[in-house]
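Step one of this worksheet: look at the structure below.
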Amino acid sequence: MPAWAWAALGVAVTLLALGVAQVVALLTGASTAPLVAVGDAFVDRTPPWLKDFAVATFGTNDKAVLLGGAAVVLLGLGALAGLLARRRAGTASQVVLGLGAVAALAAATRPDAGALAVLPSVLGAIVGSVALSALASRAPGAGVSEPAGSPPSGSAPSGSADRRRFLQVLGAVGAGGAAAVVVGRAVSARLAGGTASRAQVTLPRPADPAPALPASVEVGVDGVVPFRVPNADFYRIDTALVVPQVDATSWTLRIHGMVEREVTLTYDELVAQPLVERDVTLMCVSNEVGGDLVGNARWLGLPIKPLLEKAGATAGADMVLSTSADGWTCSTPLDVLLDGRDALLAVGMNGEPLPVEHGFPVRMVVPGLYGFVSATKWVVDLEVTRFADAQAYWTPRGWSEKAPVKTQSRIDVPAAGADVRAGTVAVAGVAWAQHRGIDAVEVRVDDGPWQPAKLGSVPSTDTWRQWVLAWDATPGRHTLAVRATDATGTPQTGDQAPPAPDGATGWHTIQVTVT
Numbered sequence: 244m245p246a247w248a249w250a251a252l253g254v255a256v257t258l259l260a261l262g263v264a265q266v267v268a269l270l271t272g273a274s275t276a277p278l279v280a281v282g283d284a285f286v287d288r289t290p291p292w293l294k295d296f297a298v299a300t301f302g303t304n305d306k307a308v309l310l311g312g313a314a315v316v317l318l319g320l321g322a323l324a325g326l327l328a329r330r331r332a333g334t335a336s337q338v339v340l341g342l343g344a345v346a347a348l349a350a351a352t353r354p355d356a357g358a359l360a361v362l363p364s365v366l367g368a369i370v371g372s373v374a375l376s377a378l379a380s381r382a383p384g385a386g387v388s389e390p391a392g393s394p395p396s397g398s399a400p401s402g403s404a405d406r407r408r409f410l411q412v413l414g415a416v417g418a419g420g421a422a423a424v425v426v427g428r429a430v431s432a433r434l435a436g437g438t439a440s441r442a443q444v445t446l447p448r449p450a451d452p453a454p455a456l457p458a459s460v461e462v463g464v465d466g467v468v469p470f471r472v473p474n475a476d477f478y479r480i481d482t483a484l485v486v487p488q489v490d491a492t493s494w495t496l497r498i499h500g501m502v503e504r505e506v507t508l509t510y511d512e513l514v515a516q517p518l519v520e521r522d523v524t525l526m527c528v529s530n531e532v533g534g535d536l537v538g539n540a541r542w543l544g545l546p547i548k549p550l551l552e553k554a555g556a557t558a559g560a561d562m563v564l565s566t567s568a569d570g571w572t573c574s575t576p577l578d579v580l581l582d583g584r585d586a587l588l589a590v591g592m593n594g595e596p597l598p599v600e601h602g603f604p605v606r607m608v609v610p611g612l613y614g615f616v617s618a619t620k621w622v623v624d625l626e627v628t629r630f631a632d633a634q635a636y637w638t639p640r641g642w643s644e645k646a647p648v649k650t651q652s653r654i655d656v657p658a659a660g661a662d663v664r665a666g667t668v669a670v671a672g673v674a675w676a677q678h679r680g681i682d683a684v685e686v687r688v689d690d691g692p693w694q695p696a697k698l699g700s701v702p703s704t705d706t707w708r709q710w711v712l713a714w715d716a717t718p719g720r721h722t723l724a725v726r727a728t729d730a731t732g733t734p735q736t737g738d739q740a741p742p743a744p745d746g747a748t749g750w751h752t753i754q755v756t757v758t
């Protein structure tokens, strides 16, 4: 049997192992499946520069790319095991078991790992190992002993037919494994506790509703991002390869640490309290200048300040370490949560229960800070502590402990590289400086003077602001740049800096051709 057929054997067996593991993960949780467990372990060890590259290159598709990459790597290792089985089937089976052990270790060391977290990887590896040995021993030309009186494998005139039948078996094994992966993931999503729980939630009316938005929040230019981004279009950046599924009926929040008294809150207790509704813009620290990892939504939630005051932070506390249901942690300055801004435990987003991928049943929303130090999704724990005593997920990876949002602006229209007609052209976009607000936006054409743009209305300093400039465009190739000034009178810096460690800076600049 040629080398490629042995490689195909390894791929088929790997798919079978992954399929078995995915089905077992229906009982132990989607995050225990080998692809997810290994992928999560990789994410946890990703250096900041690689994270920035992944987000900049793939945006919100980074997780799909990572899972696809992990699958390719595992299938490649499986192919190598198949090639090894050509001469050393026993050693090849041990390689498969070794890969299973690595995946089991990754699953067992997750922050939210349960007692059975290793089961999918272990059972999948055992099935894969046994299948590899069995198939390798029956491969045409494997050189195994045959019953007395029968011709050696591969030497009979029917060798080609035997090979075809064997490859058909491999195809069936591989297809069955792939189908098990696909069906297992689909069933897991359908049976997910958070998704089912969300369908049963009816949000209460806010005791303190947000004011109606004036029509002037929109500048009326096609192509500019809407003032309030629909949930389906809202950016999602987090470390969860599989969205945590949290049942609202079993959700609790614990507030503890450097407090006078611990506070525990259930979901029913949370939504029974007077809730407030606010428009707040969130932004990811990974957002490049001119990027789209920023969005505005109307949030419904319970203010965090009264809960912390009820717990009573003790002297010396300066940070709240929040923890997600999947073990991710986030450090938020205590004074920010107590200074009166609309820091919320949000349960609603744009008039509906939080989407599961955006933190259902409860997430944090804190105006004025980048998401990695404020916007914990699926939040289950708030520990009042000190920056000197605890570190959040991203801090030891080179990111800042505290990260107030920097003033930024973006050109949405015209698009970079666009061809536009000479005459009056609308140059428009958004600007933000959460919790400070935007007082001015200016646009520069080539090396000309900065020209003031018209600003849309805003309900508060916690949202982004649309802007538009009527540009008298002349034929030729032109460079457009934008800058904003926040409500403190501080202009946006033109100095270029990357996202790490505390947010990108620089003016968004594009080129267009006028004809």
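Sequential numbering from 244 applies to the sequence shown in my numbering. Glycine is no exception: its CB is placed at the ideal position from the N, C-alpha and C atoms.
Exercise. Could you say which of G384, T352, E626, A314 lies nearest to A246 if we only look at CA atoms?
Key: What you label residue 246 is simply residue 3 of the sequence shown in a count that begins at 1. Closest by alpha carbon: G384.
Self-check item: Three-state secondary structure assigned by DSSP to T275
Solution: One-based indexing of the sequence shown puts residue 275 at position 32. Three-state result, T275: helix.
Self-check item: DSSP-derived helix/strand/coil call for K697
Solution: To locate residue 697, count along the sequence shown from 1; it is residue 454. In this structure, K697 counts as strand in the three-state DSSP scheme.
Practice problem: Kindly give me the distance between the Cβ atoms of L513 and L446, rounded to whole angstroms, as I take these residues to be in contact under 8 Å. | Solution: Counted from its first residue, the sequence shown places residue 513 at position 270. Counted from its first residue, the sequence shown places residue 446 at position 203. For a cut-off of 8 Å, the C-beta gap from L513 to L446 is around 11 Å, too long to register as a contact.
Quiz prompt | Ranges of the beta strand (DSSP E) found wholly within the stretch 632 to 681, counting only runs of at least 3 | solution = Fully enclosed beta strand (DSSP E) runs of 3 or longer: 651 to 656, 666 to 675.
Quiz prompt | Spatially closest choice to F477 from D451, G436, V537, by CA coordinates | solution = Residue mapping note: residue 477 aligns to position 234 of the sequence shown, counting from 1. Nearest to F477 by alpha-carbon distance, out of D451, G436, V537, is V537.
Quiz item: Which of the three DSSP states, helix, strand or coil, is assigned to S398?
Solution: What you label residue 398 is simply residue 155 of the sequence shown in a count that begins at 1. Residue placement at S398 is poorly supported in this model, since its pLDDT is 46, which falls under 50; the coordinates are not used for a value here.
Practice problem: Pair every Cβ in the stretch 735 to 747 with every Cβ in the stretch 492 to 506, then say whether three or more of these pairs are closer than 8 Å. | Solution: Result no; under three Cβ-Cβ pairs closer than 8 Å.
Quiz item: Alpha carbon to alpha carbon, how far is L698 from T438?
Solution: On the sequence shown, position 455 is the one that residue 698 refers to. On the sequence shown, position 195 is the one that residue 438 refers to. Between L698 and T438, the C-alpha separation is close to 39 Å.
Self-check item: Cutoff 6 Å; reference V345; Cβ partners in own chain excluding five residues on either side
Solution: Your numbering for residue 345 matches position 102 in the sequence shown. Closer than 6 Å at the Cβ level, and outside the excluded window around V345, lies no residue.
Quiz item: Between which two residues does the beta strand (DSSP E) carrying G544 extend?
Solution: Your numbering for residue 544 matches position 301 in the sequence shown. Its beta strand (DSSP E) spans residues 537 to 546.
Quiz item: Nearest-angstrom Cα distance between Q694 and S700?
Solution: The residue you call residue 694 lines up with position 451 of the sequence shown. The residue you call residue 700 lines up with position 457 of the sequence shown. Between Q694 and S700, the C-alpha separation is close to 19 Å.
Exercise. Could you give the DSSP three-state label for S574: helix, strand or coil?
Key: Taking the first residue of the sequence shown as 1, we reach residue 574 at position 331. In this structure, S574 counts as strand in the three-state DSSP scheme.
Practice problem: Specify the secondary structure class of Q709 as computed by DSSP and reduced to three states. | Solution: Locating residue 709 in the sequence shown gives position 466, where the first residue counts as 1. Q709 falls in the strand class under three-state DSSP.
Quiz item: Which two residues bound the contiguous alpha helix (DSSP H) that contains A344?
Solution: Sequence index remark: in the sequence shown, residue 344 carries index 101 (1-based). 332 to 351 is the extent of the alpha helix (DSSP H) around A344.
Quiz item: E644: which of V308, L252, L564 sits nearest, CA to CA?
Solution: Stepping through the sequence shown from its first residue, residue 644 is reached at position 401. The alpha carbon of E644 has as its nearest neighbour, out of V308, L252, L564, the alpha carbon of L564.
Quiz item: Just the Cα atoms here: how many angstroms apart are V757 and S652?
Solution: To locate residue 757, count along the sequence shown from 1; it is residue 514. To locate residue 652, count along the sequence shown from 1; it is residue 409. Those two C-alpha atoms are separated by around 23 Å.
Quiz item: Apart from the five residues on each side of it in sequence, which residues of its chain come closer than 8 Å, Cβ to Cβ, to G436?
Solution: For the purposes of this step, residue 436 is taken as residue 193 along the sequence shown, with counting starting at 1. In the same chain as G436, and ignoring 5 residues on each side of it, the C-beta atoms closer than 8 Å to its own belong to Q488, V489, D490, in chain order.
Quiz item: Sorted by chain position, which residues of the same chain lie with C-beta nearer than 7 Å to V684's C-beta, five sequence neighbours on each side aside?
Solution: Your numbering for residue 684 matches position 441 in the sequence shown. Within the same chain, V684 has close Cβ partners S652, A674, A696, L698, W710, V725, A727.
Quiz item: Does the pairing of the stretch 357 to 371 with the stretch 258 to 265 give three or more beta-carbon distances under 8 Å?
Solution: A contact between stretches requires three or more CB pairs, one per stretch, nearer than 8 Å, and the stretch 357 to 371 meets this requirement with the stretch 258 to 265.
Quiz prompt | Own chain partners of T638 with C-beta closer than 8 Å, once the 5 adjacent residues on each side are dropped | solution = Here residue 638 corresponds to residue number 395 of the sequence shown, with the count starting at 1. The residues are S574, E644.
Exercise. Write down every uninterrupted run of the alpha helix (DSSP H) in the stretch 474 to 543 whose length is 4 residues or greater and which is fully enclosed by it, in chain order.
Key: Counting only runs of 4 or more, we get 510 to 515.
Practice problem: Have a look at A740 and G749 and give me their C-alpha separation to the nearest angstrom. | Solution: To locate residue 740, count along the sequence shown from 1; it is residue 497. To locate residue 749, count along the sequence shown from 1; it is residue 506. Cα to Cα, the separation comes out at about 7 Å.
Self-check item: Per-residue burial, D689 [other beta carbons within 10 Å of its own, 16 or more giving buried]
Solution: Mapped onto the sequence shown, residue 689 falls at position 446. Looking at its Cβ environment, which holds fewer than 16 other Cβ atoms inside 10 Å, D689 is exposed.
Exercise. Take D585 as the anchor and find which of K620, W714, T704 has the nearest alpha-carbon.
Key: What you label residue 585 is simply residue 342 of the sequence shown in a count that begins at 1. Ranking K620, W714, T704 by Cα distance to D585 puts T704 first.
Practice problem: Decide if W707 is buried, meaning its Cβ has at least 16 other Cβ atoms within 10 Å, or exposed. | Solution: Start at 1 with the first residue of the sequence shown, and residue 707 comes out as number 464. By the Cβ-count criterion, W707 is buried, with 16 or more other Cβ atoms from all chains shown falling within 10 Å of its own Cβ.
Quiz item: Under a three-way DSSP split, which group does L270 fall into?
Solution: Taking the first residue of the sequence shown as position 1, residue 270 is located at position 27. Of the three classes helix, strand and coil, the one that applies to L270 here is helix, per DSSP.
Quiz item: Sorted by chain position, which residues of the same chain lie with C-beta nearer than 6 Å to A659's C-beta, five sequence neighbours on each side aside?
Solution: In the sequence shown, the residue the question calls residue 659 occupies position 416. So the qualifying residues of the chain are I753.
Exercise. Leaving aside the five residues before and after L410 along the sequence, list all residues of the same chain whose C-beta is less than 8 Å from its C-beta, in chain order.
Key: Your numbering for residue 410 matches position 167 in the sequence shown. Same-chain partners within the cutoff: A248, A251.
Exercise. Look at the Cβ atom of E461, then the Cβ atom of P742, and state whether they are nearer than 8 Å.
Key: To locate residue 461, count along the sequence shown from 1; it is residue 218. To locate residue 742, count along the sequence shown from 1; it is residue 499. Contact flag unset, no.
Quiz prompt | Cβ separation of F615 and V485, assumed to be a contact under 8 Å, to the nearest whole Å | solution = Taking the first residue of the sequence shown as 1, we reach residue 615 at position 372. Taking the first residue of the sequence shown as 1, we reach residue 485 at position 242. V485 and F615 do not touch by the CB rule: their CB atoms are close to 20 Å apart, not below 8 Å.
Self-check item: Cut-off 7 Å between Cβ atoms - residues of its own chain near P744, not counting five sequence neighbours on either side
Solution: Position 501 of the sequence shown, counted from the first residue, corresponds to residue 744. Result list for P744: G641, W642, S643, in chain order.
Practice problem: Rank A360, T717, T352, S403 by C-alpha distance to the C-alpha of R664 and give the top, closest one. | Solution: Looking up residue 664 in the sequence shown gives position 421. Of A360, T717, T352, S403, the smallest CA-CA separation from R664 is found for T717.
Quiz prompt | Exposure label - S336; buried when at least 16 CB within 10 Å | solution = The residue given as residue 336 occupies position 93 in the sequence shown. Per the 10 Å Cβ criterion, buried.
Quiz item: Under a three-way DSSP split, which group does T704 fall into?
Solution: For the purposes of this step, residue 704 is taken as the residue at position 461 of the sequence shown. The answer is coil: DSSP assigns T704 none of H, G, I, E or B.
Quiz item: Tell me, which residues are paired with I753 by DSSP?
Solution: Sequence index remark: in the sequence shown, residue 753 carries index 510 (1-based). DSSP output for I753 lists L723 as bridge partner(s).
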